[in-house]
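Visitor: Quick one: this structure, given as structure tokens, is what I'll be asking you about.
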Amino acid sequence: MDGDNGPRMRTFRFAPSPNGPLHLGHAYSALLNADLAASCGGRLLVRMEDIDQERCQPAYEAAILADLDRLGLAYERPVRRQSEHFDDYRAALARLESMGLVYPAFLTRAEIRARTTKLDWPRDPDGAPLYPSDDRALPRAEAVARMASGVPYALRLRMDEAISRTGTLHFEETGAGPDGESGHLTAEPERWGDVILARKDTPTSYHLSVVVDDALQGVTDVVRGSDLFEATSVHRLLQALLGLDAPRYHHHRLIRDAEGRKLSKSDGDTGLSALMAAGAGPDEIRHRVGLPTVQPTPST
4 MDGDNGPRMR TFRFAPSPNG PLHLGHAYSA LLNADLAASC GGRLLVRMED IDQERCQPAY
64 EAAILADLDR LGLAYERPVR RQSEHFDDYR AALARLESMG LVYPAFLTRA EIRARTTKLD
124 WPRDPDGAPL YPSDDRALPR AEAVARMASG VPYALRLRMD EAISRTGTLH FEETGAGPDG
184 ESGHLTAEPE RWGDVILARK DTPTSYHLSV VVDDALQGVT DVVRGSDLFE ATSVHRLLQA
244 LLGLDAPRYH HHRLIRDAEG RKLSKSDGDT GLSALMAAGA GPDEIRHRVG LPTVQPTPST
């Protein structure tokens, strides 16, 4: 990961979606990124993952940035907004299309359910049935005509052909996966099947935009929740196909409620703004999420 001018400064990022208020889980991730960046004299970036234009709102973004400021995070400006960079994702998608690795998929959710009712139908790590390959055999002219007619569609990756191009891939994990995995790990993108890269009305997906953004922003260390560990295999595949550097990964524990459930943005009792409005300062928030109150200094 060294460039022509020597080692690159380590760069971390906190990348929330502005579709609701931050909770304690977000605070933990943001603070951990900040602490790790500070410990090595690195950079901290904030990115708004707002490709969902219906759910993501400017008011939520403003509230998120205000919360981060109240936590005392020192991050670089300006903040990158994905909604302002759709052309970057279109360019990456076009490159994959030029390799023959993308196809339009037209099955509705109901049709997918109807075709995947068998008990042994494979499912992805999130539990969703893998997409049937019905659309792959459509003549190009028919597929183009359907797309032009205005029917909904998604652009999916031909997973098996993509893997045949890259071969076996690995990634560096300095945190821990669901089973405690760390070190030099083997990516398993085939478990996800033909993942979505874009939709009719949205020129990118989370998987595509996140790898493009991390590369364009020079991110060297991706520190995020363990619920995204499995997605790393897809990200590693896309990085290889697009010729992008692979960052180090560190998947951290999730902050859970009293019943052991992962926190959600609808959990008012763990909402960061509400907690701080009630008098909880940065040290109290750090205590609640199990981080030391004294921030690290750069190592020499």
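Heads up, the sequence shown is in our numbering, so the first residue is 4 and it goes up one at a time. Glycine is no exception: its CB is placed at the ideal position from the N, C-alpha and C atoms.
(1) Do Leu-74 and Ile-288 count as a contact pair if the criterion is CB distance below 8 Å?
(2) Terminal residues of the continuous beta strand (DSSP E) containing Ala-108?
(3) In the region 114 to 183, which residue ranges form an unbroken beta strand (DSSP E) of at least 3 residues, counting only runs that do not cross its ends?
(4) Measuring alpha carbon to alpha carbon, tell me which of Phe-109, Pro-128, Pro-107, Tyr-134 ends up nearest Thr-120.
(5) Using only alpha-carbon positions, find the residue among Glu-191, Thr-189, His-210, Ala-190 that is nearest to Ile-199.
(6) What is the DSSP secondary structure of Ile-67, reduced to helix, strand or coil?
(7) Smallest Cα separation from Asp-286: which of Leu-34, Ser-212, Ala-69?
(8) According to DSSP, which residues form a beta bridge with Trp-228?
(9) Could you pull the DSSP bridge partners for Gly-274 from this structure?
(10) Would you check if the region 149 to 168 and the region 123 to 131 touch, i.e. whether three or more CB-CB distances between them fall below 8 Å?
(11) Verify the contact flag: Val-226, CB atom, against every heavy atom of the ligand ADP, threshold strictly below 7 Å.
(12) Can you give the Cα-Cα distance for Asp-91 and Gly-282, rounded to whole angstroms?
(13) Going by C-alpha distance, which of Thr-235, Ser-167, Arg-202, Arg-58 is nearest Trp-195?
(14) Within the same chain, show all residues whose beta-carbon is closer than 8 Å to that of Ser-276, passing over the 5 residues directly before and after it, in chain order.
(15) Okay, do the region 80 to 94 and the region 47 to 60 touch, 3+ Cβ pairs below 8 Å being the bar?
(16) Tell me whether Pro-19 is buried or exposed, calling it buried when 16 or more other Cβ atoms sit within 10 Å of its Cβ.
(17) Starting from Leu-48, follow the beta strand (DSSP E) in both directions and report where the run begins and ends.
(18) Counting only the same chain and skipping the five closest in sequence on each side, list residues whose C-beta sits under 7 Å from that of Met-4.
(19) Less than 6 Å between C-beta atoms, sequence neighbours within five positions excluded: which residues of the same chain meet that for Arg-83?
(20) Quick one: using the 10 Å Cβ neighbour count with 16 as the cut-off for buried, is Gly-170 buried or exposed?
(21) Grouping DSSP H, G and I as helix and E and B as strand, with all else coil, what is Ile-54?
(22) Grab me the residues of Tyr-63's own chain with a C-beta within less than 8 Å of its C-beta, minus the 5 sequence neighbours each way, in chain order.
(23) In this structure, what does DSSP give as the bridge partners for His-187?
Guide: Quick look at the numbers:
(1) yes
(2) 105 to 108 is the extent of the beta strand (DSSP E) around Ala-108.
(3) 157 to 160, 173 to 176
(4) Tyr-134
(5) Ranking Glu-191, Thr-189, His-210, Ala-190 by Cα distance to Ile-199 puts His-210 first.
(6) Helix, per DSSP.
(7) Leu-34
(8) In the sequence on display, residue 228 carries Gly and not Trp. Paired residue(s): His-255.
(9) His-26
(10) no
(11) As for the ligand ADP, it is missing from this structure, which has no ligand bound.
(12) 42 Å
(13) Thr-235
(14) Pro-24, Leu-25, Ala-66, Ala-69, Asp-70
(15) Taking 8 Å as the limit for Cβ pairs, the verdict is that the region 47 to 60 does touch the region 80 to 94.
(16) Pro-19 sits buried, since 16 or more C-beta atoms from the chains shown fall within 10 Å of its C-beta.
(17) Note, Leu-48: beta strand (DSSP E), 46 to 51.
(18) The predicted model places Met-4 with a pLDDT of 38, which falls under 50 and marks its position as unreliable, so this point remains unresolved.
(19) Arg-50
(20) exposed
(21) coil
(22) Pro-21, Asn-22, Gly-23, Pro-24
(23) Glu-175
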